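Student:
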Amino acid sequence: MFLGSFLIPFFPHFFRQIYMILLIIISAFSLTAGSGTHLTLNSMGIDFIIFHSDNLSFPFAIVFHIAAFLTVIYGIHNRDWRENVAITSYAGAAIAALHAGDLFTLFVWWEATALTSVFLIFGGKSLRAYKSAIRYIIIQVGSGMLLLSGGIILFHSNNEALFQNFSIQTTSGLLIFLAFGIKAAFPFLNGWLQDSYPEASEVGTVALSAFTTKLAIYALARSFAGTEILIIIGALMTFFPIFFAVIENDLRRVLTYSLNNQLGFMVVAVGIGSELAINGAVAHAFAHIIYKGLLFMSMGAVLYRVGTCKASELGGLFKHMPITAICSIIGAISISAFPLFSGFVAKSLIMSSLGYEGLTFIYFMLLFASAGVLHHSGIKIPFFAFFAHESGLKPNEAPINMIIAMLISALLCILIGIFPSIFYQILPYKIDYQPYDFSHVLSQLQLLTFAAFAFICLWFFKIYPPELNSTVLNSDWFYRRMIPGVIKPLILGIIDLNKKVVEIIFKYFINFEKFVSDLMFKNRIFDRETGYDTLILVQVFCVILFYLLIVQFI
Amino acid sequence: MNFLKKFGITNSIVLFICIILLLLEFTVDRHGETELEDLLFFPAFFGFVSCIIIFKVGVALRSVFMRDEDYYDK
Numbered sequence: 001m002f003l004g005s006f007l008i009p010f011f012p013h014f015f016r017q018i019y020m021i022l023l024i025i026i027s028a029f030s031l032t033a034g035s036g037t038h039l040t041l042n043s044m045g046i047d048f049i050i051f052h053s054d055n056l057s058f059p060f061a062i063v064f065h066i067a068a069f070l071t072v073i074y075g076i077h078n079r080d081w082r083e084n085v086a087i088t089s090y091a092g093a094a095i096a097a098l099h100a101g102d103l104f105t106l107f108v109w110w111e112a113t114a115l116t117s118v119f120l121i122f123g124g125k126s127l128r129a130y131k132s133a134i135r136y137i138i139i140q141v142g143s144g145m146l147l148l149s150g151g152i153i154l155f156h157s158n159n160e161a162l163f164q165n166f167s168i169q170t171t172s173g174l175l176i177f178l179a180f181g182i183k184a185a186f187p188f189l190n191g192w193l194q195d196s197y198p199e200a201s202e203v204g205t206v207a208l209s210a211f212t213t214k215l216a217i218y219a220l221a222r223s224f225a226g227t228e229i230l231i232i233i234g235a236l237m238t239f240f241p242i243f244f245a246v247i248e249n250d251l252r253r254v255l256t257y258s259l260n261n262q263l264g265f266m267v268v269a270v271g272i273g274s275e276l277a278i279n280g281a282v283a284h285a286f287a288h289i290i291y292k293g294l295l296f297m298s299m300g301a302v303l304y305r306v307g308t309c310k311a312s313e314l315g316g317l318f319k320h321m322p323i324t325a326i327c328s329i330i331g332a333i334s335i336s337a338f339p340l341f342s343g344f345v346a347k348s349l350i351m352s353s354l355g356y357e358g359l360t361f362i363y364f365m366l367l368f369a370s371a372g373v374l375h376h377s378g379i380k381i382p383f384f385a386f387f388a389h390e391s392g393l394k395p396n397e398a399p400i401n402m403i404i405a406m407l408i409s410a411l412l413c414i415l416i417g418i419f420p421s422i423f424y425q426i427l428p429y430k431i432d433y434q435p436y437d438f439s440h441v442l443s444q445l446q447l448l449t450f451a452a453f454a455f456i457c458l459w460f461f462k463i464y465p466p467e468l469n470s471t472v473l474n475s476d477w478f479y480r481r482m483i484p485g486v487i488k489p490l491i492l493g494i495i496d497l498n499k500k501v502v503e504i505i506f507k508y509f510i511n512f513e514k515f516v517s518d519l520m521f522k523n524r525i526f527d528r529e530t531g532y533d534t535l536i537l538v539q540v541f542c543v544i545l546f547y548l549l550i551v552q553f554i
Numbered sequence: 555m556n557f558l559k560k561f562g563i564t565n566s567i568v569l570f571i572c573i574i575l576l577l578l579e580f581t582v583d584r585h586g587e588t589e590l591e592d593l594l595f596f597p598a599f600f601g602f603v604s605c606i607i608i609f610k611v612g613v614a615l616r617s618v619f620m621r622d623e624d625y626y627d628k
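Here the protein sequences come in this chain order: F and Z.
With our numbering, letter number 125 in the first sequence gets 125, and the count goes up by one each step, no holes.
The number in our numbering is simply the position in the second sequence, starting from 1, with 554 added.
(1) Return the chain-ordered list of same chain residues with a C-beta closer than 7 Å to the C-beta of Ala216 of chain F, the five sequence neighbours on each side being excluded.
(2) Can you confirm whether Phe384 of chain F, when its beta carbon is compared against all beta carbons of chain B, has any partner nearer than 8 Å?
(3) Can you pull the chain F residues whose beta carbon is under 9 Å from the beta carbon of Leu615 of chain Z, in chain order?
(4) Per the DSSP calculation, Ile431 of chain F is bridged to which residue(s)?
(5) Hey, how far is the Cα of Phe386 of chain F from the Cα of Tyr363 of chain F?
(6) Distance check for Phe478 of chain F and Tyr197 of chain F, CA to CA, integer angstroms please.
(7) Any residues in the segment 357–370 of chain F with a beta carbon nearer than 7 Å to a beta carbon of chain Z? Which ones, in chain order?
(8) Could you check what DSSP says for Asn555 of chain F in three-state terms: helix, strand or coil?
(9) Just the chain F side, please: which residues come within less than 7 Å of Ile606 of chain Z by C-beta, in chain order?
(10) Which value, in whole angstroms, describes the spacing of the CA atoms of Phe69 of chain F and Phe557 of chain Z?
(11) According to the neighbour-count rule (16 or more other Cβ atoms, all chains shown, within 10 Å of its Cβ), is Ser157 of chain F buried or exposed?
(12) Anything in chain F within Cβ reach of Leu575 of chain Z, meaning under 9 Å, just list it in chain order.
(13) What separation, rounded to the nearest whole angstrom, lies between the Cα atoms of Met365 of chain F and Ala235 of chain F?
(14) Applying a beta-carbon distance threshold of less than 7 Å, which residues of chain Z neighbour Pro465 of chain F?
(15) Can a CB atom of chain F be found closer than 8 Å to the CB of Leu578 of chain Z?
(16) If we define contact as Cβ-Cβ less than 8 Å, is Ser53 of chain F a contact residue for chain Z?
(17) Pull up the distance between the alpha-carbon of Phe619 of chain Z and that of Leu255 of chain F, whole angstroms please.
(18) Using the beta-carbon count (16 or more within 10 Å), is Gly562 of chain Z buried or exposed?
(19) Just to confirm, is the Cβ distance from Phe344 of chain F to Gln444 of chain F under 8 Å?
(20) Are the Cβ atoms of Pro428 of chain F and Asn279 of chain F separated by less than 8 Å?
(21) Short of 6 Å in beta carbon distance, which residues of its chain neighbour Ser328 of chain F, apart from the five on each side in sequence? Order them along the chain.
(22) Within this structure, are the beta carbons of Ala210 of chain F and Gly101 of chain F separated by less than 8 Å?
(23) Measuring CB atoms only, is the segment 70–81 of chain F touching the segment 162–179 of chain F, in the sense that at least three cross pairs come out at less than 8 Å?
(24) Going by Cα to Cα distance, which pick from F:Met44, F:Asp47 and F:Ser30 is closest to Asp54 of chain F?
(25) Would you kindly check if the distance between the Cβ of Pro187 of chain F and the Cβ of Ile233 of chain F is under 8 Å?
(26) Cutting at 8 Å between CB atoms, please list the residues of its own chain near Lys310 of chain F, excluding the five before and the five after it.
(27) Gly355 of chain F and Glu589 of chain Z look like a contact to me (Cβ under 8 Å); what is the Cβ gap, rounded to whole Å?
(28) Look at Leu314 of chain F and Ser377 of chain F and say whether their C-beta atoms are less than 8 Å apart.
(29) In whole angstroms, what separates the C-alpha of Phe384 of chain F from that of Asn42 of chain F?
(30) Please report how far the alpha carbon of Ser336 of chain F lies from the alpha carbon of Arg82 of chain F, in whole angstroms.
(31) To the nearest angstrom, how far is it from the Cα of Ser555 of chain F to the Cα of Phe460 of chain F?
(32) Tell me, please, whether the CB atom of Phe600 of chain Z is closer than 8 Å to any CB atom in chain F?
(33) What alpha helix (DSSP H) runs, 4 residues minimum, are completely inside the segment 24–99 of chain F?
(34) Using only the alpha-carbon positions, how far apart do Arg584 of chain Z and Ser223 of chain F sit?
(35) One question on the structure: do Ser348 of chain F and Pro435 of chain F come within less than 8 Å of each other, judged by their Cβ atoms?
(36) Distance, Cα to Cα, Phe14 of chain F vs Met406 of chain F?
Structure representation (structure tokens):
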């Protein structure tokens with residue numbers, strides 16, 4: 001799929017779309033390969049495991065293919081062949097990375113996902129998008145470098161660098177952990193996510209939302225399952241983005257905070273590491289790719305038709321874009337984990353595993369985060385775009401290809417929610433888990449409905465403040481403002497100091513030169529005749545001194 | 555009745571569902587993953603209060619984290 005994508009520019013628009021779908025179908029045949037190592041390559045004395053498949057990579061591979069297919073359908077109207085190449089090669093690289101059996105092969109595909117996806121951010125076709133893409137690629141390639149460093153250290157000590165379980169107590173493990181952490185948008189390493197994804201085109205953001213971060217979750221699940229620090233990191237990830245999402249005005253950026261928050265649930269589950277929790281992480285990643293893609297699709301359709309995704313400028317679009325609105329609501333209900341929708345059957349696994357492990361405090365943090373998800377993704381996204389106040393905008397409904405992609409996604413959200421037992425069959429471990437316990441359903445409904453009622457009260461009594469055009473500071477502030485804010489004056493200071501030192505040296509040099517010239521010409525101490533002899537003597541002394549110094553130290 | 559009319563149909567439906575969910579609490583032995591969850595109306599209370607806290611903290615954070623739209627472009 002990755003290699004095939006480079007032929008895309010040679011096809012006219014219509015055949016290009018068919019060719020892209022064909023590439024995905026051909027790639028999907030790899031799903032039938034079964035568990036085991038199927039392709040290795042020996043080069044430079046290293047065994048590169050190119051294609052390895054098992055119970056963990058299988059569900060990710062399925063959902064990556066689904067996401068690639070839906071993205072292509074969603075972007076059929078897009079005539080920019082560069083984005084077509086970027087989407088297909090990006091999806092291909094991500095699928096290939098899932099099947100990497102060693103760290104060097106993973107590194108190649110890890111970097112390939114970065115290099116291909118950056119063109120989707122360039123696809124935003126604005127100066128902001130361009131600058132954001134540059135920051136994005138620096139961070140992503142940096143993550144790859146950490147991964148490579150970890151792999152080299154591991155190879156140096158073990159003579160192999162298999163993509164398996166690592167400990168963060170070792171240097172190589174810590175480097176690999178950081179590499180994965182950057183792509184998984186750990187706290188303070190998450191700035192790139194909110195900075196770059198909303199700058200891409202409407203199609204580009206849908207593709208971006210599916211692969212990079214979920215590839216990192218897969219990598220963490222494979223290499224750091226049961227690493228306890230992940231529980232704390234994940235809990236923080238679920239917690240903090242909620243507040244940023246509440247104050248953010250750009251609805252696509254709200255979704256990136258929400259994405260960050262959802263990744264937190266998966267990271268917590270990986271940190272627990274039990275069979276139930278790993279199933280929860282994988283199920284959540286699977287369901288999340290579809291419902292988050294659906295939400296990004298609906299906001300992308302709004303952006304495509306209206307030209308903005310700012311809550312302050314939207315509202316009342318339900319009358320004009322009813323199908324998009326309904327699909328957005330289904331995505332919002334799914335992400336909020338209402339029973340009978342995909343989010344519920346996936347998140348229940350994680351919450352139950354937390355309960356079984358007795359992690360009460362983390363459990364309540366995630367329960368609080370669940371109410372937050374309802375607030376910013378479940379209500380804020382559809383409400384401010386399609387309801388709230390009348391914006392006066394009268395756009396047409398989204399193009400038919402966008403609607404088809406959204407309807408398929410919405411259907412998948414519902415089917416997964418209604419038939420969890422079929423969904424659970426593709427998870428890594430066989431488990432006997434029943435999410436539809438009446439008590440559990442009632443608790444979840446009470447939690448969500450009352451959270452929604454609180455929002456209604458805040459809105460009805462006009463306590464909820466209006467959305468404002470603004471920039472919300474995030475961890476990218478450190479490298480966009482703070483570091484330049486410190487380094488720029490520092491560099492200017494050094495340049496100033498350098499200038500002053502040079503001036504002083506010149507001043508003393510000129511004074512010295514004047515002094516010597518006075519000696520030579522006014523006082524006639526070093527006149528022409530004696531001057532040469534003295535010079536020769538000085539040179540001889542210098543050579544002797546130099547020789548003595550060398551003898552002394554060598 | 556006047557209040558419900560003013561409150562709007564959708565909001566009234568949500569309020570009605572909330573009341574039904576509270577009443578259902580008495581028909582089933584509801585149990586959660588932790589003992590605290592088993593308290594009467596706990597999920598409802600937790601959901602409502604969480605949403606208010608998120609809103610309040612969010613509003614408070616506006617003054618800390620909110621800047622002009624062209625903050626990074628200056």
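Just so it is clear, CB atoms sit at the ideal spot from N, CA and C, and this is done for glycine as well.
None of these values were measured; they are calculated from a predicted model.
Tutor: Reading from the atomic positions:
(1) Closer than 7 Å at the Cβ level, and outside the excluded window around Ala216 of chain F, lie Phe180, Lys183 and Ala184.
(2) Any reference to chain B falls outside this structure, whose protein chains are F and Z.
(3) Neighbours of Leu615 of chain Z on chain F, chain order: Phe243, Phe244, Val246, Ile247 and Val472.
(4) Paired residues: none, contrary to the question.
(5) Near 33 Å, if we compare the C-alpha coordinates of Tyr363 of chain F and Phe386 of chain F.
(6) 18 Å
(7) Thr360, Tyr363, Leu367 and Phe368
(8) Residue 555 of chain F lies beyond the residue range present for chain F, which begins at 1 and ends at 554; the question has no answer from this structure.
(9) Chain-ordered, the chain F residues with CB closer than 7 Å to the CB of Ile606 of chain Z read Ala454.
(10) 49 Å
(11) exposed
(12) Proximity of chain F to Leu575 of chain Z at the Cβ level (cut-off 9 Å) is accounted for by Leu442, Leu445, Gln446, Thr449 and Phe450, in chain order.
(13) 7 Å
(14) Val613
(15) yes
(16) no
(17) Phe619 of chain Z and Leu255 of chain F have their C-alpha atoms spaced approximately 18 Å apart.
(18) exposed
(19) Yes, the Cβ-Cβ distance between Phe344 of chain F and Gln444 of chain F is below 8 Å.
(20) yes
(21) Around Ser328 of chain F: Ser298 and Pro382.
(22) no
(23) Because the criterion of three Cβ pairs below 8 Å is not met, the segment 70–81 of chain F and the segment 162–179 of chain F do not touch.
(24) F:Ser30
(25) Going by C-beta atoms, Ile233 of chain F is nearer than 8 Å to Pro187 of chain F.
(26) For Lys310 of chain F, where only same-chain residues beyond five positions count, the Cβ hits under 8 Å are Asn249, Asp250, Leu251, Glu467 and Asn469.
(27) Not a contact, Cβ separation roughly 11 Å.
(28) When the beta-carbon positions are compared, Leu314 of chain F and Ser377 of chain F stay at least 8 Å from each other.
(29) 55 Å
(30) 35 Å
(31) There is no way to answer for residue 555 of chain F, as the model of chain F reaches only from 1 to 554.
(32) yes
(33) 57–74 and 81–98
(34) In this structure, the CA atom of Arg584 of chain Z is about 38 Å from the CA atom of Ser223 of chain F.
(35) yes
(36) 21 Å
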